[in-house]
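Numbering (our numbering) for the sequence shown: 1 to 177. The next block holds one structure in the form of structure tokens; read it before the comments.
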Amino acid sequence: MMILNITPSRRLSDWQQALTSNEKQLQVAAMRALNKTARWARTQVASKTAKELSIKVSAVREGLVMVRAKQSNPQSVVGLSKNSGVIKAKELGSVSQNASGVRAGRRQFDRAFLATMPNGHQGVFRRRGKARLPIQEVQIVITGKMQQAMEDLSNGPAMKQFEVIFERELRYLLRAA
Numbered sequence: 001m002m003i004l005n006i007t008p009s010r011r012l013s014d015w016q017q018a019l020t021s022n023e024k025q026l027q028v029a030a031m032r033a034l035n036k037t038a039r040w041a042r043t044q045v046a047s048k049t050a051k052e053l054s055i056k057v058s059a060v061r062e063g064l065v066m067v068r069a070k071q072s073n074p075q076s077v078v079g080l081s082k083n084s085g086v087i088k089a090k091e092l093g094s095v096s097q098n099a100s101g102v103r104a105g106r107r108q109f110d111r112a113f114l115a116t117m118p119n120g121h122q123g124v125f126r127r128r129g130k131a132r133l134p135i136q137e138v139q140i141v142i143t144g145k146m147q148q149a150m151e152d153l154s155n156g157p158a159m160k161q162f163e164v165i166f167e168r169e170l171r172y173l174l175r176a177a
């Protein structure tokens, strides 16, 4: 008769402690993966919007806000800031006035002009009517394009990216332990 005697090398309390540490590592991996996925999503939204409107990515990125996940609040959010809806023409690149208007970066704004306000603010302006005043600063509205890019990401690619990053982070933490 053969007897197989199995005795764990650790005590059972040690196993429970090891399982608890793995649970903590799981939470840390999820938190890291959430933050990295949010950062990836912010980059994707900014680059897609900038490419569609042919403007600088940095101008679009300023309008995106990212709330990072913490252990107390395991949720990361990428959203539009309150000043994200418009980009002033001056921010599109170097501005120069020509006969037909103002060129800012690669865009041409006809019937516009460069001006410095009494408070020192410089910008690209257009007259609202035929009179000298009122004038209005030239802006590009990008809210719709940014929302469309966010919807496209939330339909699937963001979750796939989270799964890939989560597996990578979990492997890293379990290997390091």
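Beta carbons: idealized from backbone N, C-alpha and C, even for Gly. Note that the structure is predicted; figures quoted are calculated from it, not measured.
Return yes when the Cβ of residue j is within less than 7 Å of the Cβ of residue i, no when it is not.
i: residue 110; j: residue 96; result: no
i: residue 149; j: residue 49; result: yes
i: residue 141; j: residue 124; result: no
i: residue 46; j: residue 65; result: no
i: residue 153; j: residue 44; result: yes
i: residue 63; j: residue 84; result: yes
Using DSSP bridges, identify the partner residues of residue i.
i: residue 114; result: 124
i: residue 101; result: 110
i: residue 88; result: 139
Residue i by DSSP, collapsed to three states: which one?
i: residue 144; result: helix
i: residue 133; result: coil
i: residue 179; result: Because the chain is modelled from 1 through 177, residue 179 falls outside the range shown and cannot be assessed.
i: residue 71; result: coil
i: residue 95; result: strand
i: residue 65; result: strand
i: residue 138; result: coil
i: residue 82; result: coil
So, under 8 Å CB-CB, residue i and residue j are touching, yes? Tell me the CB distance rounded to an integer number of Å.
i: residue 76; j: residue 34; result: 4 Å
i: residue 92; j: residue 79; result: Wrong, their Cβ atoms sit about 23 Å apart, outside the cutoff.
i: residue 139; j: residue 40; result: The pair is not a contact, with the Cβ atoms about 28 Å apart (cut-off 8 Å).
i: residue 128; j: residue 122; result: At roughly 19 Å, the Cβ-Cβ gap does not stay under 8 Å, so residue 128 and residue 122 are not in contact.
i: residue 163; j: residue 29; result: The pair is not a contact, with the Cβ atoms about 12 Å apart (cut-off 8 Å).
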